[in-house]
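Novice: Pasting a structure here, questions to come.
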Amino acid sequence: MTVKPLEEIMAADWADALKPVEPTIRTMGQFLREEHKNGFHTLPAAENIFRAFQEPLSSVRVLIIGQDPYPTPGHAMGLSFSVQDDVRPLPRSLTNIYRELRSDLGVEPPEHGDLSRWSRQGIMLLNRCLTVRAGEAGSHRNRGWELVTDAAIQALASRNQPLVAILWGRDARNAGAQLGPAIPKIESVHPSPLSASRGFFGSRPFSRANEALASLGESPVDWNLG
Numbered sequence: 039m040t041v042k043p044l045e046e047i048m049a050a051d052w053a054d055a056l057k058p059v060e061p062t063i064r065t066m067g068q069f070l071r072e073e074h075k076n077g078f079h080t081l082p083a084a085e086n087i088f089r090a091f092q093e094p095l096s097s098v099r100v101l102i103i104g105q106d107p108y109p110t111p112g113h114a115m116g117l118s119f120s121v122q123d124d125v126r127p128l129p130r131s132l133t134n135i136y137r138e139l140r141s142d143l144g145v146e147p148p149e150h151g152d153l154s155r156w157s158r159q160g161i162m163l164l165n166r167c168l169t170v171r172a173g174e175a176g177s178h179r180n181r182g183w184e185l186v187t188d189a190a191i192q193a194l195a196s197r198n199q200p201l202v203a204i205l206w207g208r209d210a211r212n213a214g215a216q217l218g219p220a221i222p223k224i225e226s227v228h229p230s231p232l233s234a235s236r237g238f239f240g241s242r243p244f245s246r247a248n249e250a251l252a253s254l255g256e257s258p259v260d261w262n263l264g
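Numbered as in my numbering, the sequence shown ends at 264 without a single skipped number.
Below, the structure written as structure tokens:
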């Protein structure tokens, strides 16, 4: 993977905010080249690795932290929990998110799993690690991406702008702790099939996020994906 200048792969204010970790991003580019040289297929496609940073830093109102991209080829598209709009069946974690969305707000989920419309509304769908080996969940953990996403979380925390964090699972809660106590955090277990029934269902993250935004003087999110 050839790493272009940050200004070419993300919004200008994100490029400025992430300048301190640009060397790490370049190191990760070299790491991915080695992965490919050794015969591993990595996800998502190079042009989508920084997709979560294409909307301006200044526009982010809600932060949702995921773990790493879906390891199934054709699924990952650079936004946490989101898949390409032609993917069927949907990943079970996303199906559970849609089930809770319907229960919480009465929003009827679409047939597709593309969450880009949320992203365009200022919802940052940020994976903790930005790449993964195909078929090997968690395979790029502790390789360097966490330094980049830590810098992104800290950049959000340092703005003088309203922000609400939705943190699903231990990894997201640990990362979200960097936001500090002043930023509202909506926490529950992860929506994966292994844990959703232990506190994700019924947690009302979408309505609670809108209530938190209202308390900060912000307009609510339209969570409808239709």
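From the three backbone atoms N, C-alpha and C, an ideal C-beta is built for every residue, glycine too.
1) State the start and end residues of the unbroken alpha helix (DSSP H) segment that holds GLU146.
2) Between SER226 and the rest of its own chain, which residues show a CB-CB distance below 7 Å, the 5 nearest in sequence each way excluded?
3) Buried or exposed for GLU46, going by 16 or more other Cβ atoms inside 10 Å?
4) Taking ALA190 as part of the alpha helix (DSSP H), name the residues at either end of that continuous run.
5) Only counting runs of 3 or more residues, tell me where the beta strand (DSSP E) segments fall wholly within the stretch 72-124, in order along the chain.
6) Would you identify the three-state DSSP class for ARG140, choosing helix, strand or coil?
7) In the DSSP output, what is MET162 paired with across the bridge?
8) With distance defined between alpha-carbon atoms, name the residue in ILE63, THR110 and ARG130 nearest to PRO231.
9) In angstroms, rounded to a whole number, what distance separates the CA positions of VAL145 and VAL259?
10) What is the DSSP secondary structure of LYS57, counted as helix, strand or coil?
11) Where does SER118 land, buried or exposed, given buried means 16+ other C-beta within 10 angstroms?
12) How far does the alpha helix (DSSP H) with GLU45 in it extend, from its first residue to its last?
13) Can you tell which of VAL170, VAL186 and SER253 has the C-alpha that lies nearest to the C-alpha of GLU73?
14) Distance check for ARG181 and MET66, CA to CA, integer angstroms please.
15) For PRO82, which of ILE102, ALA50 and GLN122 has the nearest alpha-carbon?
16) To which residues of the same chain is ARG179 closer than 6 Å at the C-beta, ignoring the five residues directly before and after it?
17) Which of the three DSSP states, helix, strand or coil, is assigned to LEU232?
18) Could you tell me if GLN105 is buried or exposed, where buried requires 16 or more neighbouring beta carbons within 10 angstroms of its beta carbon?
19) How many Å lie between ILE135 and LEU254 at the Cα?
20) Can you list, in chain order, the residues of its chain with a C-beta nearer than 8 Å to that of LEU44? Leave out the 5 residues immediately preceding and following it.
21) With distances taken Cα to Cα, identify the nearest neighbour of ALA247 among SER96, GLN92 and VAL100.
22) Quick one: is HIS79 buried, meaning 16 or more other Cβ sit within 10 Å of its Cβ, or exposed?
Specialist: Taking the geometry as given:
1) As a first step, residue 146 is located in the sequence shown; it is residue number 108 there, counting from the start. No alpha helix (DSSP H) holds GLU146; DSSP gives it neither H nor E.
2) Here the question's residue 226 lines up with position 188 in the sequence shown. Cβ within range, chain order: TRP206, GLY237, PHE238, SER241 and PRO243.
3) Looking up residue 46 in the sequence shown gives position 8. Its Cβ having fewer than 16 others within 10 Å, GLU46 is exposed.
4) Here residue 190 refers to the residue found at position 152 of the sequence shown. That run of the alpha helix (DSSP H) goes 183-196.
5) 100-104
6) Residue numbering aside, residue 140 sits at position 102 when the sequence shown is read from its first letter. Here ARG140 sits in helix by DSSP.
7) For this step, residue 162 is matched to residue 124 along the sequence shown. Paired residues: LEU101.
8) Locating residue 231 in the sequence shown gives position 193, where the first residue counts as 1. The shortest C-alpha separation from PRO231 is found at ARG130.
9) On the sequence shown, position 107 is the one that residue 145 refers to. On the sequence shown, position 221 is the one that residue 259 refers to. For VAL145 and VAL259, the distance between alpha carbons rounds to 12 Å.
10) Here residue 57 refers to the residue found at position 19 of the sequence shown. Helix, per DSSP.
11) What you label residue 118 is simply residue 80 of the sequence shown in a count that begins at 1. Classification of SER118: buried, given that the 10 Å Cβ count is 16 or more.
12) In the sequence shown, the residue the question calls residue 45 occupies position 7. Unbroken alpha helix (DSSP H) run through GLU45: 44-47.
13) The residue you call residue 73 lines up with position 35 of the sequence shown. Among VAL170, VAL186 and SER253, the Cα nearest to that of GLU73 belongs to VAL170.
14) Residue numbering aside, residue 66 sits at position 28 when the sequence shown is read from its first letter. Residue numbering aside, residue 181 sits at position 143 when the sequence shown is read from its first letter. Their Cα atoms are separated by approximately 8 Å.
15) Here residue 82 refers to the residue found at position 44 of the sequence shown. Per the Cα distances, GLN122.
16) Start at 1 with the first residue of the sequence shown, and residue 179 comes out as number 141. CYS167.
17) For the purposes of this step, residue 232 is identified with residue 194 of the sequence shown, where counting begins at 1. Coil, per DSSP.
18) Your numbering for residue 105 matches position 67 in the sequence shown. By the 10 Å Cβ count, GLN105 comes out buried.
19) Your numbering for residue 135 matches position 97 in the sequence shown. Your numbering for residue 254 matches position 216 in the sequence shown. If you take the alpha carbons of ILE135 and LEU254, they lie about 25 Å apart.
20) Position 6 of the sequence shown, counting from 1, holds the residue named residue 44. Closer than 8 Å at Cβ, skipping near neighbours: TRP52, ALA53, LEU56, LYS57, GLU60 and ILE63.
21) Walking along the sequence shown from the start, residue 247 turns up at place 209. Here the closest residue by C-alpha is VAL100.
22) On the sequence shown, position 41 is the one that residue 79 refers to. HIS79 is exposed by the Cβ-count criterion.
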